[in-house]
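Numbering (UniProt numbering), first residue to last: 1 to 210.
Yeah, the Cβ is synthetic: ideal placement off N, Cα and C, and Gly gets one too.
Every value quoted in this text rests on a predicted model; they were computed, and no experiment measured them.
Read through the structure below, which is laid out as structure tokens, and then see the notes.
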């Protein structure tokens, strides 16, 4: 029996670079898309930060890391799908957008029960994203809840027949490997952090999360 033909690659999408405050057309467009979305996929980029050696402590329960000691998220990528099935991709330059203008819409989105949130090993991204907003805005400016949320890794193991009642393997494949194996789509993620470029491959990388 011949194997099923590979699905066609996703169509190219326009990638919107978001800079400026709430009065800018780019940020207004993003906020409108988030408000109308029913599925939103997230990916955060940051520059690694070297940690200074910690002083010895007699405390058996060390304090959680200070938000200012964690890497600062500089780019947030979002792929949105609305009720009409339309898809839009946004690359948000967090160094050029006032975080105060983005915090409330993001927090509301994270907690909206009718919007499915997708990510790939997004737990670490969320920790760094939350720390970035807390360090910039202070107080209770982090993100503690993301519901409902679906990790692409779990989808992969489910499709591969893994017993979801058992613990998942510690070693997980990259998103590029998963897409190559399941969808026959080749992804490139050579552009990272503030050097990210809205190339066709980057469009595919975000679009495939939908």
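Ordered along the chain, which non-local residues of its own chain (more than five positions away) have a Cβ less than 6 angstroms from that of residue i?
i	result
residue 17	91
residue 69	none
Reducing DSSP to helix, strand and coil, say where residue i ends up.
i	result
residue 37	strand
residue 83	coil
residue 14	coil
residue 114	coil
residue 74	strand
residue 22	coil
residue 185	coil
residue 45	strand
residue 95	coil
residue 143	coil
residue 120	coil
Cα separation between residue i and residue j?
i	j	result
residue 15	residue 44	16 angstroms
residue 97	residue 161	43 angstroms
residue 33	residue 82	8 angstroms
residue 159	residue 180	14 angstroms
residue 144	residue 132	13 angstroms
residue 109	residue 115	7 angstroms
residue 137	residue 184	43 angstroms
residue 36	residue 20	21 angstroms
residue 174	residue 187	10 angstroms
residue 87	residue 47	28 angstroms
residue 149	residue 105	17 angstroms
residue 27	residue 107	16 angstroms
residue 112	residue 177	31 angstroms
residue 139	residue 182	43 angstroms
residue 103	residue 172	31 angstroms
residue 31	residue 72	22 angstroms
residue 13	residue 42	16 angstroms
residue 63	residue 127	Residue confidence is low: residue 63 scores 47 on pLDDT, short of 50, so the model does not pin down where it sits. No coordinate-derived value is stated.
residue 24	residue 40	22 angstroms
Let's test the definition: count the other Cβ atoms within 10 Å of the Cβ of residue i and tell me whether it reaches 16, buried, or not, exposed.
i	result
residue 129	buried
residue 84	exposed
residue 125	buried
residue 141	buried
residue 22	exposed
residue 55	Model confidence at residue 55 stands at a pLDDT of 49, short of 50, so the residue's coordinates are unreliable; what they give is reported in the following sentence. Answer is exposed; the Cβ neighbour count stays below 16.
Closer than 7 angstroms by C-beta to residue i: which residues in its own chain qualify, once you throw out the five before and the five after it? Chain order, please.
i	result
residue 100	137
residue 146	110, 117, 126
Considering only heavy atoms of the ligand ZN, does any lie closer than 8 angstroms to the CB of residue i?
i	result
residue 160	The ligand ZN is absent from the structure shown, which contains no ligand whatsoever.
Could you pull out every residue in the same chain whose Cβ sits closer than 8 angstroms to the Cβ of residue i, ignoring the five residues on either side in sequence?
i	result
residue 38	81, 82, 83, 114, 115, 116
residue 74	45, 46, 47, 93, 94, 95, 193, 194
Check whether the region 67-83 touches the region 146-165, taking contact to mean three or more Cβ pairs, one atom from each stretch, closer than 8 angstroms. no
So does the region 88-105 actually touch the region 116-127, counting three or more Cβ pairs closer than 8 angstroms? no
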